[in-house]
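Shown next, in structure tokens, is the structure this report addresses.
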Amino acid sequence: MFSRKTNKITMVRDLVLQRLPLVLLVMGVTSIGLITAVDHIGRGMSQTFLYTDVVHEMEIELSKAHLALEEDLRGIQGQEIALVWQGIDRAEEMALAALNGGKTLHGHKVKPLSDNSIRADMEDLRALIVRFRGLARDVYDNRSQLTKITSMDSVYHQFLEKAFVLDEQLEELQSEAEQRSKRLILLILVSWTCIISAAVIGLWYREVLSRRMQAAIQNAKHQWEHTFDVIPDLIAVIDKDHRIIRANKAMAEKMGLEPKELLGKKCYELFHKISGPIESCPHARLLHDNQEHTAEIYEKEFGAYFLVSVSPLLDSKGSFIGSVHVARDITAQKRDAADLMTYRNRLEELVDQRTNELAETNENLRMEILSHKETAEALQLSEGRFRQLSQQFNVLLDAIPDSLVLMSPELKVMWANKSARQTLMPAEAQHSEYCYTLWHKQDRPCDNCPVLKSFQSGNPEAIQLSTPDSRIWAVRSYPIKNDQGEVESVMELSTDITEKKSIQAEQMRANHLASIGELAAGVAHEINNPINGIINYAQIIVNSAGPADREYEIAKRIIKEGERISFIVTSLLSFARERKEEKIPVQVQQVLSDTLALTETQLKKSGIDLRLEIDPHIPLIKGHAQQIQQVFLNIINNARYALIQKYPNSDPDKIFRITAGEAIIDGEPFVQIVFEDHGIGIPAHIVDKVMSPFYTTKPVGIGTGLGLSISHGIVVDHDGRLSVESEEGAYTRIIVALPAYKKIKQVDSL
């Protein structure tokens, strides 16, 4: 009996071994077909990305044309007329490239649109561009036709709405392609699971471990790919010798190079054009202490501010090998389309990597049938690769400045990256708490919650919301589904867009101030004429009356007050006058005098004791008088605000002192102006931040945080220096140092 059973088992084993090559061949051919299908879908996804890029380029170019047309109609000098036609032509060129095939502005080749619905929408966009061009020509031919301008704005908004709808359709096509790709990849995994089941009979324990490990790798990769899709920043991996070993496409495009051209280059040579690292560089500081660092850096080459963060990168053994370098452009946040293309290209690379790994797994499994020892070695290698991938994945997520939170179906926090833990979660908070209890102190989900909507709809959702600290957040949720298409969890991405909104508000305010400046200039001209007449008539009275007459004294007072009014009007005209680009010799005394003519009355009404100590032998400086006056106005207004906050009423210590004189700095002559107030002062821990854009200690609605930042930029543009000294509750001292141009003769002091 036992012999029969043994024979049956042997027969079954031999049958399996005989048929195994055929099974492997069939499954291999099937896998190749599935891989080919994945590659085909990937190419389709690339075309869809390019169509999305075309739509974004059309929006940008037509928006440039619309903005240039508005500036030209307002009378702003420049080359706006050429920009109008250039923007319209480029927008139409992109529409034709999508319809007939061609190249994008970035040089990518696109094929003609094959989807009839999307092609019809693209033709509608082109028709709107043609209509916009015709209305623009009508406006230029007769600028007084308000109806034409209104129609042109209407066409522009129709274009933006149509482009938004088309962009949404392209994203839906992209999402469907991603789902098909995932299903095919799943079929590949299933086919090889069958091979594994047939090949490793008797090794079920190792197989279970291998499957668990592969599942963990797949899950980690899936979450990494999903998160990487929404990263809007420039990312590079830098080794211990400051060499770039990996960089994303956004970083390469910013430098005007190909990604492969960045590899091996030293970061300080590439970015700063110097021969050695900067001590204040976040990466250099990380090399000293192996700690994370964040810094805000102004890159003169790009004319932009960047928020740079670096995090240590470790290998599978825990040894330091470099850093993850993340840079966010905080002055221009309208490059989402180019960044999206970068992330999608990265997704294609990951799909290729996954395909290669599956091929390697196939070879490992075939060898596993022949040797148990090789199977164990492959499993150990897989474990090491998983640990390294998991570690790099966590470092990358923690390096992202945006807040990422993984939510369960019960709206409990399952995981959060470093940014979310620091900005959204209290120190005592724990995972597995309800999000609405943790962040909003509520006992039920928030109205219009995007995470809840994603669980219900299975689609990405997005909203904007305001927090009690007056910050504005863009919140987007992305569902993560299982193999059955059910939403298992939702990844919530929160981006602080307060600065972006502030820029928009500041732009509107700047437009209003420009209008007020033009009005003020017109009013000043109208005031000057009657004032000159009053002074002349008063002078006639003085000439005809004797010194002992009462009319003589009254006429002298009229002349004095009339001249004071004329001086104020002249200062107002100087401030409102359009700036010239060429720098000219400037007397600092005169700029201070013009500035105080505009502010001295307010200082006196506020009960502020203004004290001036001006050296009459100050040299000239070379620069823009209006820009220097803007710096002085910002500093004086800040000092007045600080004194009023500390002393709402009159006080002997309510003092504002301005001193000016020549100073030698680093062996060179400078004109140094010191503004010192006895106001509320600045806390020591934020003194270094007051010149950062949008940073303000004033309440919401009173300050934008741009005054000192703009002033600092103006002073630096004049090759000068601006520094801040302060003691909280005691004083604030602003020191402006500008290079001396040449000596002048003694002039009247203020």
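Residue numbers 917 to 1666, in my numbering, belong to the letters of the sequence shown in order. Even for Gly, the Cβ is constructed at its ideal location relative to N, Cα and C.
In this structure, how does DSSP classify residue i when only helix, strand and coil are distinguished?
i	result
Ile1651	strand
Phe1144	Any reading at Phe1144 needs caution, since the residue's pLDDT is 43, under 50, leaving its predicted position unreliable; the model's value is listed next. Here Phe1144 sits in helix by DSSP.
Val1240	strand
His1209	strand
Gly949	helix
Arg1713	Any property of residue 1713 remains undetermined from this structure, which presents the chain solely from 917 to 1666.
Lys1216	coil
Pro1175	helix
Ser1642	strand
Ile1500	strand
Asp1567	coil
Ala1253	Residue placement at Ala1253 is poorly supported in this model, since its pLDDT is 47, which falls under 50; the coordinates still yield a value, given next. Correct three-state label for Ala1253: helix.
Asp1399	coil
Ile1475	helix
What is the residue span of the alpha helix (DSSP H) that residue i lies within?
i	result
Pro1360	The residue you asked about is not Pro; residue 1360 is Arg in the sequence shown. Here Arg1360 belongs to no alpha helix (DSSP H), and DSSP marks it neither H nor E.
Asp1040	1032-1057
Met1167	1165-1171
Thr1353	1351-1356
Arg990	Run containing Arg990: none; DSSP gives neither H nor E here.
Glu1516	1504-1521
Val1367	1366-1373
Using beta carbons (cut-off 7 Å, strictly below), is residue i in contact with chain C?
i	result
Tyr1468	Judged by its chain identifiers, the structure shown contains no chain C, having just a single protein chain.
Select from the options the residue whose C-alpha is nearest the C-alpha of residue i.
i	options	result
Asp1037	Glu1326, Leu1015, Gln1095	Leu1015
Gly1017	Leu966, Glu1467, Lys980	Leu966
Met1323	Ala1315, Ile1388, Phe1371	Phe1371
Asn1164	Gln1506, Val1590, Ala1243, Val1603	Ala1243
Ala1471	Gly1462, Ala1043, Phe1309, Ile1457	Ile1457
Gln1130	Leu1150, Val1153, Val1106	Val1106
Ala1043	Lys1078, Thr1066, Val1026, Lys1025	Lys1078
Asp1582	Leu989, Gly1478, Gln1338, Leu1654	Leu1654
Ala984	Tyr1056, Ser1033, Gln963, Ala1011	Tyr1056
Leu1327	Ala1558, Val1311, Asp1314, Cys1365	Cys1365
Tyr1657	Thr1210, Pro1585, Lys1417	Pro1585
Gly1003	Thr1109, Glu975, Val1507	Glu975
Asp1633	Ala1541, Lys1570, Glu1174	Ala1541
Gly1192	Glu1212, Tyr1214, His1158, Leu1223	His1158
Ile1580	Ile1534, Ala1555, Gly1219	Ile1534
Ser979	Trp1001, Thr968, Thr964, Ser962	Trp1001
Thr1066	Arg1006, Leu1012, His982, Lys1019	His982
Ile1101	Ser1235, Ala1576, Ile1246, Thr952	Thr952
Which residue comes first and which comes last in the beta strand (DSSP E) that contains residue i?
i	result
Leu1021	Where Leu1021 is concerned, there is no enclosing beta strand (DSSP E), given that its DSSP letter is neither H nor E.
Ala1378	1377-1382
Gln1588	1584-1593
Tyr1221	1220-1230
Gly1575	In the sequence under discussion, the amino acid at residue 1575 is Thr, which differs from the Gly named in the question. Taken as a continuous stretch (DSSP letters only), the beta strand (DSSP E) holding Thr1575 covers 1571-1581.
Ala1332	1329-1332
Leu1536	1536-1539
Would you call residue i buried or exposed, if buried means 16 or more other Cβ atoms sit within 10 Å of its Cβ?
i	result
Gln1588	buried
Leu1082	buried
Ile1544	buried
Glu977	buried
Ile1419	buried
Phe1080	exposed
Ile1602	exposed
Ala1378	exposed
His1022	exposed
Glu1442	exposed
Leu1409	buried
Gln1505	buried
Leu989	exposed
Ala1336	buried
Let me check one thing: in DSSP terms, what residues is residue i bridge-paired to?
i	result
Met1407	Leu1322, Tyr1394
Leu1559	DSSP, once it has assigned bridges, lists no residue as partnering Leu1559.
Lys1182	Arg1159
Glu1529	Thr1575
Val975	Note that residue 975 corresponds to Glu in the displayed sequence, not to Val. None; Glu975 has no bridge partner.
Ala1656	Ile1537
Ile1544	According to DSSP, which records beta bridges pairwise, Ile1544 is partnered with nothing at all.
Leu1150	Ala1243
Ile1524	According to DSSP, which records beta bridges pairwise, Ile1524 is partnered with nothing at all.
Any heavy atom of the ligand MN within a distance shorter than 6 Å of the CB on residue i?
i	result
Ile1213	No copy of the ligand MN appears in this structure; indeed no ligand is present at all.
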